[in-house]
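Have a look at the structure below before the remarks.
2 protein chains.
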Amino acid sequence: MPNSNHVPTIVIGRLPLYLRALTQLSAEGRRVTSSQELSEKLGFSSAQIRKDLSYFGEFGKQGTGYEIEFLEKSLREILQVHHLWDMALVGAGDLGHALANYDGFETRGFRIVRIFDADPQKIGTLLGEWRVEPIETMRQVLREERIHVAIIAVPAAAAQHVADELVEGGVRAILNYAPTTLSVPPKVKVYHIDPVAGLQSMTYYL
Amino acid sequence: MPNSNHVPTIVIGRLPLYLRALTQLSAEGRRVTSSQELSEKLGFSSAQIRKDLSYFGEFGKQGTGYEIEFLEKSLREILQVHHLWDMALVGAGDLGHALANYDGFETRGFRIVRIFDADPQKIGTLLGEWRVEPIETMRQVLREERIHVAIIAVPAAAAQHVADELVEGGVRAILNYAPTTLSVPPKVKVYHIDPVAGLQSMTYYL
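In order, the protein sequence lines correspond to chains A and B. In terms of the working numbering, the first sequence is residues 640 to 845. In terms of the working numbering, the second sequence is residues 640 to 845.
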């Protein structure tokens, strides 16, 4: 992967969207696509798409476009989701239930392996196939199981403490649903799910 | 607002993040900030931030930075969230419950006013302060109440039908939690909440 150290963060952020579109085309039985078609699906310009992909090699051929299966496989490898990442889910409330039942993780590189909560009423209960574990043991479990990815689905007031424990446990990527900004060391990545930012980006146009 | 017709979509998508950061600084009692400080908080370059904001006017002064309260108020107006948007929530499952209990909407320009579901077991039950209504009546209610914003929190298989009904009811902005792409007319905006895309944008770095 030439130059992959120098790829802008914003480009990396678009790769999952390309991968999602390719997987969808593939599911429709398609074998070849173009930057024009991806552009229409995703709303980025075709020049942008070609430039983004060119960071990682020569995927398209002039006049014939992109071979979907090959590009999909390559993007999975670049994003390191060609194998499954074990995840911890923190928070066994409504959102935790929804995430535990979400069926889109495994096909795209992730699986929940442990669920933690601070509420004594929830600890020990079953959530889907998982038994809810106490947050006090989380740090040790994360280290023993070498879990590096976690989802925070707790109230805003509890989120920073949870993040601190995750970092202590060796987690390096956090998907944060709590409506608050987390303070973590630079080596730890945080992706903030913010429904209101999504809504606000649409009301501009109304 | 000069040139606001020509602002790239990607710029509009960043404005809610600027607004969120400003609101946070404001809550910390701060009065002035800089593109450098916003850059550190958000991970975009300070040049990018200055350029984005310059689409909408002269907000910063050389050497003194941005006046937080004024910029925050301006961004609220640009994004049209200086008043509250009424929203319909479709789906009264675990995710619907989590969204109904989410306390980050009203302070940032949105409020749920109606909740719909297709499940006869759920219709008529209370979810927080709302009574769950049948999806069959949704189209008419949306039109009567002039609701233009909606959240889809139903399984993937049901999402397209729900989107069609929302569009028929006059909805023009859809926040989609279902793990599927929706087909809607060009005048309707869709923002897709995709937790796996967020996770994949982090595993690249692990």
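Note that the Cβ used here is the ideal one computed from N, Cα and C, for glycine as well.
The shortest C-alpha to C-alpha distance from ARG659/A to any of THR819/B, PHE755/B, GLN687/B and THR746/B is the one to THR819/B. Each of LEU838/A, TYR844/A and GLY730/A was checked against the Cα of ILE751/A, and the nearest Cα belongs to GLY730/A. For the set PRO834/B, GLN799/B, LEU814/B and ILE688/B, the Cα lying nearest the Cα of ALA812/A is the one of PRO834/B.
Residues of the segment 728 to 741 of chain B that bring their beta carbon within less than 9 Å of a beta carbon in chain A comprise GLY732, ASP733, LEU734, GLY735, HIS736, ALA737, LEU738, ALA739, ASN740 and TYR741, in sequence order. From the listed residues ASP733/B, ARG778/B and VAL801/B, the smallest Cα separation to ALA737/A is found for ASP733/B. Within the DSSP bridge table, the entry for ASP725/B names ARG750/B as partners. For the segment 775 to 790 of chain A, the beta-carbon criterion of a distance under 7 Å to any beta-carbon of chain B is satisfied by HIS787 and VAL788.
Of all alpha-carbon atoms in PHE755/B, MET777/B and VAL829/B, the one lying nearest the alpha-carbon of GLU807/B is that of MET777/B. With a cutoff of 8 Å on beta-carbon distance, THR842/B and LEU728/A are scored as not near each other. A straight line joining the alpha-carbon of ARG747/B with that of GLY699/A spans about 43 Å. Between LEU681/B and LEU656/B, the C-beta spacing is below 8 Å. With a threshold of 8 Å between beta carbons, ARG770/B makes no contact with chain A. Taking the C-beta atoms as reference points, PHE749/A is found no nearer than 8 Å to LEU714/A. Each of ILE790/A, ILE754/A and VAL720/A was checked against the Cα of LEU845/B, and the nearest Cα belongs to VAL720/A.
Residue pairing by DSSP places ASP756/A opposite PRO773/A in a beta bridge. In the structure shown, HIS787/B falls within a coil segment according to DSSP collapsed to helix, strand and coil. Proximity to GLN760/A across GLU768/A, GLU772/A and GLY767/A peaks at GLU772/A, based on C-alpha coordinates. Using a Cβ-Cβ cut-off of 8 Å, ARG750/A does not count as an interface residue toward chain B, since no Cβ of chain B sits closer than that to its own. By alpha-carbon distance to ASP725/B, the top candidate from VAL788/B, ARG670/B and LYS828/B is VAL788/B. The Cβ neighbour count for ASP756/B, taken over all protein chains shown within 10 Å, is at least 16; the residue is labelled buried.
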